[in-house]
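A short write-up of the structure that comes next.
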Amino acid sequence: MTTKEKILLLLSQNAGTMYSGQMIAEQLQISRTAIWKAMKSLREEGYQIESAPNAGYTLIEKADILNEVLIQQKLKKQLNVSVLPTVDSTNEEAKRLMNNGKNEDSLVIADQQTKGKGRLGRTFYSPKQTGLYMSLGINEMREDADPTLITTAAAVAVCRAIEKLTNLQPQIKWVNDLYLNEKKVCGILTEGIINMETQTIQSIVLGIGINVMIEPEELPSELQNVAGALFEETPSVTRNDLAAAILNEFYELYQNMHTKEFLEDYRKRCFVIGRRVSFIRNKVSYEGLAVAVDDQGALVIQVNDGTTTHLSYGEISIRLEEKNA
Ligand code: BTN
């Protein structure tokens with residue numbers, strides 16, 4: 000850890016507390032000049048550090064600046080964390096890191112994505128400083144974990160983390176979108192990497208994109224009616240804390256995935272059940288009633304033609320007249 004990171008950690012763990020230069024120097028075993036330089040550099044990065052002669056330094060506000068150390072300190076499982084100001088796609092960067100041969104799980108977070116990827120070949124709008132764009136690269140899937148349920152588990156993990164840190168209660172639109180006030184605030188894109196020898200999914204990249212704070216008018220016009228954000232004003236949570244909480248919740252579920260216990264929570268949060276929906280399969284459009292989510296995370300639909308189908312991938316639309324009824 001660099002001197003700057005050590006100081007940031009100390010001040011952020013005790014935000015509001017005044018630390019004299021001498022206390023910091025003694026605690027971290029560094030010179031007063033090193034402290035002064037680090038404070039200058041932290042202020043330049045945007046941290047609000049107040050100082051008073053003969054009193055010391057204090058971090059007056061938890062700035063929402065993505066930072067590796069501030070994420071690591073909250074993580075229950077140690078990960079190889081990279082924070083980037085900008086990247087094409089955190090999912091792509093996580094894949095590149097996997098190819099470097101390191102075996103531990105890695106987390107890539109970026110302040111902005113220039114080619115954020117959505118499902119079904121779409122793009123994910125990822126402007127700077129407004130969202131949390133993160134990808135977890137799991138090199139070796141646990142043998143007892145079902146890769147097809149990763150997205151389902153992640154949706155529950157994100158809901159739980161948001162609920163723990165805020166007073167918000169997002170809901171899930173099958174299969175992987177989180178909604179708040181009828182607007183999509185989070186999307187999840189899981190990509191699997193197949194081991195050709197065993198023909199099994201060996202590694203996965205779990206990508207999560209959350210609109211943390213964005214004014215509706217800042218969204219591209221085509222998204223204004225469908226996308227929203229967790230907060231419309233200054234968020235009450237930092238992206239560092241949110242990222243760490245999501246990962247902690249996710250690993251908790253991942254380690255016990257074989258029990259499938261999280262599916263009960265998923266079903267409670269999934270607002271699609273009981274709604275009339277439409278979906279497209281093999282270029283044909285169908286309508287029906289969504290009645291359940293099965294143990295494989297598939298949506299069970301009683302189709303209007305009298306059949307019952309288990310939809311395991313793809314996308315559904317909720318019939319508007321039913322939603323407004
Ligand atoms: C969707 O809603 O279709 C899925 C969106 C997933 C977006 C996240 S943002 C972080 C990660 N990197 C990407 O390029 N995509 C995912």
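The numbering of the sequence shown is numbering that gives the first Met the number 0, which starts it at 0 and goes up by one.
Note that beta-carbon positions come from the ideal geometry of N, C-alpha and C, so glycine has one too.
Counting along the chain, I207 sits inside the beta strand (DSSP E) bounded by residues 199-210.
By the C-beta density criterion, T189 is buried, having at least 16 other C-beta atoms within 10 angstroms. In terms of CA proximity to E181, A226 leads the group I23, K163, A226.
DSSP, read as helix, strand or coil, puts M140 in coil. In this structure the region 255-268 touches the region 150-159; the number of beta carbon pairs closer than 8 Å is three or more. Membership of N102 in any beta strand (DSSP E) is not indicated, and neither H nor E is assigned to it by DSSP.
Sorting E92, K61, I6 by C-alpha distance to the C-alpha of I29 places I6 at the top. G287 and N303 do touch by the CB rule: their CB atoms are close to 5 Å apart, below 8 Å.
Counting along the chain, N194 sits inside the beta strand (DSSP E) bounded by residues 182-194. Under the three-state reduction of DSSP, T16 is assigned to coil, being neither helix nor strand. For L65, the CB contacts under 7 Å within the same chain, skipping 5 residues up- and downstream, are V82, I108, D110, R238, N239 in chain order. With a 10 Å radius around the Cβ and a threshold of 16 neighbouring Cβ atoms, K3 comes out buried. DSSP, reduced to helix, strand and coil, places M38 within a helical segment of the structure shown.
In the structure shown, the three-state DSSP call for R275 is strand. A residue is called buried when at least 16 other Cβ atoms come within 10 angstroms of its Cβ; W173 meets this threshold and is buried.
Ranking A244, L310, P126 by CA distance to the CA of R280 puts L310 first.
Shown here for S220: not one same chain residue has a beta carbon closer than 7 Å to its own, the five before and five after excluded. In terms of side-chain proximity, the C-beta atom of F123 is found nearer than 7 Å to a non-hydrogen atom of the ligand BTN.
Note on P169: 16 or more other CB atoms within 10 angstroms of its CB, so buried under the neighbour-count rule.
S134 has its CB nearer than 7 Å to a heavy atom of the ligand BTN. At least one heavy atom of the ligand BTN falls within 7 Å of the beta-carbon of T89. Sixteen is the threshold: when 16 or more other Cβ atoms of the shown chains lie within 10 Å of the Cβ of V236, as they do, the residue is buried.
DSSP places Q301 within a strand segment (E or B) once states are collapsed to three. Shown here for S134: same chain residues with a beta carbon closer than 6 Å to its own, the five before and five after excluded, namely T89, N90, A93, V107, V204, G206 in chain order. The beta-carbon distance between I300 and V292, rounded to whole angstroms, is 11 Å. This is too long to meet the 8 Å contact definition. Remark: fewer than three beta-carbon pairs, one from each stretch, lie closer than 8 Å, so the region 72-81 and the region 34-52 are not flagged as touching. A distance below 8 Å between beta-carbons, with the five flanking residues on each side excluded, links A297 to the following residues of its chain, in chain order: H309, L310, S311.
The Cβ atoms of N175 and G186 sit closer than 8 Å to each other. Contact check for G115 against G208 passes: the beta carbons are separated by less than 8 Å. The C-alpha of V80 lies about 20 Å from the C-alpha of Q254. Under a 10 Å Cβ-count criterion, L119 is classified as exposed, with fewer than 16 other Cβ atoms of the shown protein chains found around its own Cβ.
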